[in-house]
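Residue numbers (the UniProt record's numbering): 1 to 377. We put the beta carbon where it would ideally sit given N, CA and C, even for glycine. Down below is the structure, laid out as structure tokens.
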Amino acid sequence: MLLYIHVPFCKSRCHYCTFHSQAYNQVTFAWYLKTLLQEIKLWGKRLKKPRVATVYFGGGTPSLMAPHQLDDVMKALRKHFSLHPNMEATLEANPDSATDVSYFRALRSIGFNRLSLGIQSLDDQDLIMMGRPHSAAQAVESFGAARAAGFNNISVDFIWGLPDQRLKTWLDTLEQAVKMKPEHISAYNLTLEPYTVLFKRHDAGELALPSEQEAGRMFIYGAEYLESHGFLHYEVSNFARMGFMSAHNSGYWEGRDYLGLGPSAVSTLGKRRFTNPRYMDEYDAAVRGDFAGQDFEQLTEEHLLQEMVMLSLRTTKGLDLKDFKKRAGYDLVKRRHRLVSALHRENLVRINQGRLKLTKNGMLVSNPIVRRLIFDE
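Have a look at this one:
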């Protein structure tokens, strides 16, 4: 089982973000921590101390937590869950809240062995435009501090397709990123979500996004650049040095069970999916009343098969057609023969060693391809 801890606090909301978070203050955070520790105990008892393969602290900004607070959570997890001795333990960190070597050393002593640094850009003007609370210099400093503290598994996050960004500036960013020598790079296409600052500015005509053609070139040439510098492109938005793929995220894409703890966290256990309440008072009431996770959605086999297609095709391994046939009772390629043939002619998919895979061009339009594979008759 995978375990996710949601830390819903930030210093400020970034201009593109729709994740559930709130402004950090000590009183609310103390309330959150107390409730989280109680929820850990609740689920440990309910699931009879389940085995956990990976732990991921996401947010929000988990690096706003002090070492002793993170230690309290990890100790509770060790007490109430059966953690794998070689468990991947990841903490998301923002450069503005984590630049001190001693902080990163404390994280290692607590048991974290992987970091995910939310750098997003190495251009100060882009960072200001995105509402990021750090500078490019702080990002480099944070990475260096983590490395000096002994972390040898560091992922860095970047966003491409920014307003006024072009292929050359994106490749320049990747060149700087590669020079930092991270083990893992996540590169996400900017999505303008309703009600965010960037959405409103774009809607008002203040910001211009790259053209569809330019964005496509940024994705394909960016991926090829990273591959030429020793990174394996193993999922649409993720690149890793050999041996450093994210075990936690890979578990999601493989359809493994996961338990999410904290406000708004989502869980899928078997055919049940449930989401914790978003707001602290409702979350606290659910945990204290011992009914966290009681309001669940029963997933049908058809729904799980659809997710299998969607998640598998996000990865460069692709969809194992034999496994799909075993679960579904039919051959997907035969049932969708005309569609698959058309997609193949358009260089959007290929079949290799019994797996249906998206090409890089296919990854650019993965959502409509997946929808057609699942729903077209």
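What residue does the alpha helix (DSSP H) around residue i start on, and which one ends it?
i	result
N113	Where N113 is concerned, there is no enclosing alpha helix (DSSP H), given that its DSSP letter is neither H nor E.
H80	67-80
V52	Segment 51-59 is the beta strand (DSSP E) holding V52; no alpha helix (DSSP H) there.
T28	26-46
F143	136-148
K334	332-335
F375	366-375
R288	280-288
R350	Looking at the DSSP string, R350 is not in any alpha helix (DSSP H); the run it does join, the beta strand (DSSP E), is 349-352.
G251	247-253
If you reduce the DSSP assignment to three classes, tell me which class residue i lands in.
i	result
residue 443	Residue 443 cannot be examined here, being either before or after the span of the chain that is shown, 1 to 377.
P85	strand
Y16	coil
V236	coil
L313	helix
residue 388	Residue 388 lies beyond the stretch modelled for the chain, which goes from 1 to 377, so this question has no answer here.
residue 381	Any property of residue 381 remains undetermined from this structure, which presents the chain solely from 1 to 377.
F219	helix
Q213	helix
S267	strand
Please report the straight-line C-alpha distance between residue i and residue j, rounded to a whole angstrom.
i	j	result
L299	F239	31 Å
R278	H20	7 Å
H15	R327	42 Å
C17	F296	26 Å
W31	L37	10 Å
E307	L209	30 Å
Using a Cβ-Cβ cutoff of less than 8 Å, which residues in the same chain neighbour residue i once the five nearest sequence positions on both sides are dropped?
i	result
L321	D331, L332, V333, I351, G354, R355, L356
V309	L319, F324, L332, V370, L373, I374
D290	L42
residue 409	The displayed coordinates of the chain run from 1 to 377. Any statement about residue 409 would go beyond what the structure contains.
For residue i, which residues from the same chain have a beta carbon less than 6 Å from its beta carbon, with the 5 sequence-adjacent residues on both sides left out?
i	result
A204	none
G131	C14, H15
State the start and end residues of the unbroken beta strand (DSSP E) segment that holds residue i.
i	result
R355	355-358
S121	Looking at the DSSP string, S121 is not in any beta strand (DSSP E), and its letter there is neither H nor E.
Got a sec? Which residues, its chain only, sit under 7 Å from residue i by beta carbon, not counting five neighbours each side?
i	result
E227	H233
- Just checking, does the segment 6-13 make contact with the segment 22-34 on the three C-beta pairs under 8 Å criterion? yes
- Message: Three or more C-beta pairs under 8 Å: does that hold for the segment 265-282 against the segment 331-351?
- Response: no
- On the three-pair Cβ rule with 8 Å, is the segment 100-116 touching the segment 139-156? yes
- Any 3 or more C-beta pairs closer than 8 Å across the segment 287-302 and the segment 50-63: no
- Message: Pairs of beta-carbons, one from the segment 117-127 and one from the segment 68-87, closer than 8 Å: are there three or more?
- Response: no
- Task: Taking 8 Å as the threshold, find out whether the segment 158-172 comes into contact with the segment 215-226 through three or more Cβ pairs.
- Result: yes
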